[in-house]
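Asks: Submitted below is the structure of interest, expressed as structure tokens.
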Amino acid sequence: AQRVTQPEKLLSVFKGAPVELKCNYSYSGSPELFWYVQYSRQRLQLLLRHISRESIKGFTADLNKGETSFHLKKPFAQEEDSAMYYCALRVGNYQLIWGAGTKLIIKP
Amino acid sequence: GAGVSQSPRYKVAKRGQDVALRCDPISGHVSLFWYQQALGQGPEFLTYFQNEAQLDKSGLPSDRFFAERPEGSVSTLKIQRTQQEDSAVYLCASVQRNTEAFFGQGTRLTVV
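Here the protein sequences come in this chain order: A and B.
Each residue of the first sequence is one higher than the one before, starting from -5 at the first, in this note's numbering.
Each residue of the second sequence is one higher than the one before, starting from 23 at the first, in this note's numbering.
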């Protein structure tokens, strides 16, 4: 079955500490994975996609096919990183399967 | 406007009432998606349009849900005889080609 799991509903870290938001997926095909972010009172927006291998706002994510994971990492958290983060898996040509999301709180 | 626009932002409906939710995608975007997001959950796929063609409606939870995009731009999601379990945020997203999905702010539907 196609599934995206974000095991942490809430993650709270201090400013300047490293952050890792976990995402595991289940998919028999070739995965294409995304991280979306939703800041308070704003719309969902793309943070990064694995195929572009880019770093946005200091965040990176590496696709690990062996562990079927796509964890989102940032070495030094900033207060403005507080938001909801969603991991999503593209299946077929257009469908996205979404995780339940992780609320990240950065404490000052 | 430059982004995806949804209206209304909030809708309170009495159980059994019909509702219509509107989505104005980014001009020129061919693909349009509707999602349902329950509290504490990620978005769940409802339906997908390519221009005016509804290519996939497999996520619509029941025949009370109906979506259309008659001219390949604005789309309407209609829910007939609303039930309490329909309470959710309904998200619309548009995509230019096989690239990034741009989301609207969503419509929060509360059925009382």
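Even glycine gets a Cβ: it sits at the ideal position worked out from N, Cα and C.
1. Counting contacts by CB-CB distance shorter than 8 Å, is TYR112(B) in contact with chain A?
2. Whole-angstrom Cβ separation of PHE87(B) and LEU68(B), contact assumed at under 8 Å?
3. Nearest to GLY38(B) by alpha carbon, out of SER109(B), TRP56(B) and PRO92(B)?
4. How far does the beta strand (DSSP E) with TYR32(B) in it reach, from first residue to last?
5. Any C-beta of chain A within less than 9 Å: which residues of the region 60 to 79 of chain B qualify?
6. According to DSSP, what are the bridge partners of ILE91(A)?
7. Which residues does DSSP list as the beta-bridge partners of LYS100(B)?
8. Pick from GLN89(A), GLN72(A) and GLY95(A): whose alpha carbon is nearest that of ALA11(A)?
9. Beta-carbon of GLN89(A) versus every beta-carbon of chain B: anything under 8 Å?
10. With a threshold of 8 Å between beta carbons, is ARG37(A) in contact with chain B?
11. When the distance is taken between beta carbons, is GLN28(B) closer than 8 Å to LEU43(B)?
12. Can you give me the C-alpha to C-alpha distance between GLU2(A) and THR96(A), rounded to a whole angstrom?
13. Output yes if chain A places a C-beta closer than 8 Å to the C-beta of GLN127(B); else output no.
Replies: Quick answer:
1. no
2. 7 Å
3. SER109(B)
4. 32 to 35
5. Under the 9 Å Cβ criterion, the region 60 to 79 of chain B contributes GLY62, GLN63, GLY64, PRO65, GLU66, PHE67, TYR70, GLN72, LEU77 and ASP78.
6. LEU83(A)
7. DSSP lists ALA42(B) and PHE88(B) as partners of LYS100(B).
8. The residue with the shortest Cα to Cα distance from ALA11(A) is GLN72(A).
9. yes
10. Yes - at least one Cβ of chain B is within 8 Å of the one on ARG37(A).
11. yes
12. 6 Å
13. yes
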